[in-house]
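Only one structure is covered here, and it is reproduced in the block below.
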Amino acid sequence: MSDSTPASPARPVVLDVWCELQCPDCHSALDDVRALRARYGDRVELRLRHFPLEKHKHAYAAAQAAEEAFEQGQGWPYVEAVLARTEELASKGEPLLLEIARELGLDAEEFDTALIDGRHLLIVDADQAEGKAIGVTGTPTYVVGEERLDGGKSQDGLRQRIEEIVDGALAES
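The sequence shown maps to residues 5 to 177 in the numbering used here.
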């Protein structure tokens, strides 16, 4: 019998993506998010954090709907589908959120009920409050480790900076 214990698997690096689902900048950041997911797989825990902006009328409902999609096991596909239709969301609102749910084979009636009963309000409110507390002012904003990277003004070089931080954190673990 060996005295050594097997090494515990390294914990993934957490990358919070502060996003607003009616934000065109968040839509353009999807390529970076996809690339990061492909590059790191399960070594990075990519977490969607909600930061609905007051200027977008349907962003708050979209954040709640995204939480319902995560609950139904299709969170990221739903987020990507909504972000792909940000302009349409501005004009169609909540009916579009239900339409996207149906297109993905999700239970749209449950989405409708979730939007009415507000079961995901606390998650969205907590994300928004935490975002404000750590200095998030716009979207997309990324937080990895102790660094906050604002992509709301420019996304140039952002993915490269995230990769540098993540690679450094992975090398340390």
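The C-beta atom is built at its ideal place from N, Cα and C for all residues, glycine as well.
Rounded Cβ spacing between residue i and residue j (contact assumed at less than 8 Å)
i	j	result
Leu52	Val83	6 Å
Where the alpha helix (DSSP H) containing residue i begins and where it ends
i	result
Arg163	162-176
Cys30	28-32
Arg106	98-107
Endpoints, beta strand (DSSP E) assigned at residue i
i	result
Leu153	151-154
Thr145	145-148
Residue i versus residue j - alpha carbon distance
i	j	result
Gly142	Ser177	31 Å
Gln132	Leu126	10 Å
Ala63	Arg15	32 Å
Pro56	Gly172	31 Å
Val170	Arg38	15 Å
Thr90	Asp36	18 Å
Glu75	Glu107	17 Å
Ala94	Tyr146	24 Å
Asp129	Cys30	19 Å
Residue i, buried or exposed, once every other Cβ within 10 Å from all chains shown has been counted against 16
i	result
Gln164	exposed
Ile138	exposed
Gly155	buried
Glu168	exposed
Thr117	exposed
Ile104	buried
Ile166	buried
Asp20	buried
Any C-beta of chain B under 8 Å from that of residue i
i	result
Ala63	In the structure shown, chain B does not exist; there is a single protein chain.
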